[in-house]
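Beneath this line is the structure, given in structure tokens, with notes to follow.
Protein chains in written order, with our numbering: chain A, 1 to 155; chain B, 156 to 303.
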């Protein structure tokens, strides 16, 4: 499950956007496992590693990429779910899963389907958070510009 | 200088596309300095360290990200130019450059302006090349079914 969007003519502070999104991810009890930041790219991976989370079904891991410059950048958000790749073969009727989905097998296909739905919901909700944060950054930038202009006039 | 694009419904093998782009950069005498690949993201940085290139001007470094899934992904290309950060201070008249742009000073600001254009041209070329590679690697159209 992946969401991709290109943002243009926003002129926002990508470092600040990334920092706020990262904090939001950590607040959602994800553990950041990889955090790569360069001049133009912000890339993190985070996972929920607790056994409880695996059993009740939920998001397995997420990946967030912000790449570009303040006025032209891409945001890519991917959510992996426990059991996402489970399937039943047509010929043999066996449940087929990748190794990483193994633990979800204990709960069968229904639990896996449930976790997938939760992951979809999380993806939708966090994507909205991303859009809200972009808007917040745009407004913050405009306020700063207005303040700077105001100071310029008063001099 | 940055170019970003979103590609939808092309069903492209992103690992293969990334490999193609990497090979194209190596052919252009870039040295890959960072190569970070995860399940959904392909991220590289490459530089030209060749002294001749610095003097005559050209792209200094490249950062490329391909992220997403085969039917919905983003490509971001960032090209840095030698001399991009050079400026002349209005107060002192001194030439100011960031450390990284310093070598371009040897060739003067005119050469630096030239390198900036060259880098932009390279960015455009790379962007077009990637578009062509996406089309070439696209499996979006249904393959004809063989008679059973």
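Note that CB positions come from ideal geometry on N, CA and C, so glycine has one too. Being a predicted model, the structure only gives us computed values, none of them experimental.
Practice problem: Kindly list the residues whose CB is nearer than 6 Å to the CB of residue 68(A), restricted to its own chain and excluding five residues on each side of it in sequence; keep chain order. | Solution: For the purposes of this step, residue 68(A) is taken as residue 68 along the first chain, with counting starting at 1. Excluding positions up to five away in sequence, the list reads 74.
Self-check item: Runs of beta strand (DSSP E) lying entirely within the stretch 9–57 of chain A, each at least 3 residues, in chain order
Solution: Listed in chain order, the beta strand (DSSP E) elements of length 3 or more contained wholly in the stretch 9–57 of chain A are 31–37 and 41–47.
Self-check item: Under 8 Å between C-beta atoms of residue 233(B) and residue 40(A)
Solution: As a working note, residue 233(B) is residue 78 in the second chain. As a working note, residue 40(A) is residue 40 in the first chain. Yes, the Cβ-Cβ distance between residue 233(B) and residue 40(A) is below 8 Å.
Quiz prompt | Environment of residue 58(A) [buried if 16+ CB atoms lie within 10 Å] | solution = Taking the first chain and counting its residues from 1, one reaches residue 58(A) at position 58. By the 10 Å Cβ count, residue 58(A) comes out buried.
Self-check item: residue 218(B) classed as buried or exposed, judged by whether at least 16 other C-beta atoms fall within 10 angstroms
Solution: Within the second chain, residue 218(B) is the residue found at index 63, counting from 1. With 16 or more Cβ atoms within 10 Å of its Cβ, residue 218(B) is classed as buried.
Quiz item: Within the chosen definition, does the stretch 130–145 of chain A reach the stretch 192–206 of chain B through at least 3 CB pairs nearer than 8 Å?
Solution: Counting C-beta pairs with one atom in each stretch, the stretch 130–145 of chain A and the stretch 192–206 of chain B have fewer than three that are closer than 8 Å, which means they do not touch.
Self-check item: Complete runs of the alpha helix (DSSP H) confined to the stretch 167–191 of chain B [at least 4 residues]
Solution: The qualifying runs are 169–182.
Quiz item: Taking the alpha-carbon positions, what's the residue 145(A) to residue 295(B) distance?
Solution: One-based indexing of the first chain puts residue 145(A) at position 145. One-based indexing of the second chain puts residue 295(B) at position 140. Rounded to whole angstroms, the separation of the alpha carbons of residue 295(B) and residue 145(A) is 45 Å.
Practice problem: Less than 8 Å between the CB atoms is what I'm expecting for residue 293(B) and residue 167(B), so what's the real figure, rounded? | Solution: Here residue 293(B) refers to the residue found at position 138 when the second chain is read from its first residue. Here residue 167(B) refers to the residue found at position 12 when the second chain is read from its first residue. So it is a contact: roughly 6 Å between Cβ atoms.
Practice problem: Return helix, strand or coil for residue 148(A), following the three-state DSSP convention. | Solution: The residue labelled residue 148(A) in the question sits at position 148 within the first chain. Under the three-state reduction of DSSP output, residue 148(A) falls in the helix class.
Quiz item: So, using beta-carbon positions, are residue 202(B) and residue 182(B) closer together than 8 Å?
Solution: Here residue 202(B) refers to the residue found at position 47 when the second chain is read from its first residue. Here residue 182(B) refers to the residue found at position 27 when the second chain is read from its first residue. Contact: no.
Quiz prompt | Cβ-Cβ distance between residue 47(A) and residue 22(A) below 8 Å | solution = The residue labelled residue 47(A) in the question sits at position 47 within the first chain. The residue labelled residue 22(A) in the question sits at position 22 within the first chain. No Cβ-Cβ contact shorter than 8 Å links residue 47(A) with residue 22(A).
Quiz prompt | As assigned by DSSP and simplified to three states, the class of residue 216(B) | solution = Position 61 of the second chain holds residue 216(B). Strand, per DSSP.
Quiz item: Within 8 Å (strictly less), CB to CB, does residue 20(A) reach chain B?
Solution: In the first chain, residue 20(A) corresponds to position 20, counting from 1. Not closer than 8 Å to any Cβ of chain B, the Cβ of residue 20(A) fails to qualify, so no.
Quiz item: Which one or two residues does DSSP pair with residue 226(B) in a beta bridge?
Solution: Working through the second chain from its first residue, we reach residue 226(B) at position 71. According to DSSP, which records beta bridges pairwise, residue 226(B) is partnered with nothing at all.
Quiz item: Helix, strand or coil: how does DSSP classify residue 295(B) here?
Solution: Within the second chain, numbered from 1, the residue matching residue 295(B) stands at position 140. Residue 295(B) falls in the coil class under three-state DSSP.
Quiz item: Closest Cβ-Cβ distance between residue 45(A) and chain B: below 8 Å?
Solution: By one-based count along the first chain, residue 45(A) stands at place 45. So yes, residue 45(A) belongs to the interface.
Quiz item: Got a sec: is the Cβ-Cβ distance from residue 245(B) to anything in chain A below 8 Å?
Solution: Here residue 245(B) refers to the residue found at position 90 of the second chain. Note that residue 245(B) scores a pLDDT of 43, beneath 50, so its modelled location is shaky and nothing firm can be said.
Quiz item: Candidates 141(A), 76(A), 134(A) and 26(A): which alpha carbon is nearest residue 2(A)'s?
Solution: If you number the first chain from 1, residue 2(A) lands on position 2. Closest by alpha carbon: 76(A).
Quiz item: Out of curiosity, what's the CA-to-CA distance linking residue 119(A) and residue 158(B)?
Solution: Taking the first residue of the first chain as 1, we reach residue 119(A) at position 119. Taking the first residue of the second chain as 1, we reach residue 158(B) at position 3. Approximately 31 Å between the Cα atoms of the pair.
Exercise. Tell me whether the beta-carbon of residue 274(B) lies closer than 8 Å to the beta-carbon of residue 6(A).
Key: What you label residue 274(B) is simply residue 119 of the second chain in a count that begins at 1. What you label residue 6(A) is simply residue 6 of the first chain in a count that begins at 1. Against a cut-off of 8 Å, the Cβ pair of residue 6(A) and residue 274(B) comes out as no contact.
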